[in-house]
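As structure tokens, the structure follows; a few thoughts come after it.
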Amino acid sequence: MDVLIHLFVGLHIIGIAALLGGFLTQMKAMGQGTARFVPGMLHGALTMLVTGVALIGLNQAEDHHVNAVKMGVKLAVLIVILGLVYVKRDEERIDKGLFALVGGLTMANIFIAVLWS
1 MDVLIHLFVG
11 LHIIGIAALL
21 GGFLTQMKAM
31 GQGTARFVPG
41 MLHGALTMLV
51 TGVALIGLNQ
61 AEDHHVNAVK
71 MGVKLAVLIV
81 ILGLVYVKRD
91 EERIDKGLFA
101 LVGGLTMANI
111 FIAVLWS
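Positions 1 to 117 (my numbering) are the ones given, in order, by the sequence shown.
Following this line, the structure appears as structure tokens:
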């Protein structure tokens with residue numbers, strides 16, 4: 001079961017990389033007011049959602065401690081990110097503030113995962 005958990009952790013990291021990478025590649029465009037949510041950002045957020053839920057289930061099946069409050073906060077942040085990216089995915093230009101919000105929430109989710117113990 002540990003191999004499966006590690007596999008899902010790797011996939012979860014790939015999801016966050018896709019989401020954050022999509023944001024970072026649009027930083028110059030954000031400065032020019034032409035940033036858009038690229039498909040990789042949506043796919044990364046969806047990957048994070050699926051693998052995160054799977055990780056919670058796998059860890060609980062192994063009787064590992066899961067901090068429900070931390071996971072709830074991370075899930076809430078991810079749902080906001082996913083909702084914004086999904087709703088605005090077809091727009092050619094995204095408002096700078098909204099685009100920055102998605103990037104900030106993505107980084108906040110990373111820091112919650114790493115720093116909240």
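Where a beta carbon is used, it is the ideal one built from N, C-alpha and C, also for glycine.
Query, Result
"Tell me, to the nearest whole angstrom, how far the beta carbon of residue 34 is from that of residue 89; I am working on the premise that it is less than 8 Å.", "Not really, about 16 Å apart at Cβ, beyond 8 Å."
"Does residue 2 come out as helix, strand or coil in the three-state DSSP assignment?", "helix"
"Which word fits residue 47, buried or exposed, when buried means at least 16 other C-beta atoms lie within 10 angstroms of its C-beta?", "buried"
"Could you work out which residue in 54, 31, 50 and 100 is closest to residue 20 when comparing CA atoms only?", "100"
"What three-state label does DSSP hand residue 88 in the structure shown?", "coil"
"Throw me the rounded Cβ distance for the residue 112 and residue 73 pair, which I believe falls under 8 Å.", "6 Å"
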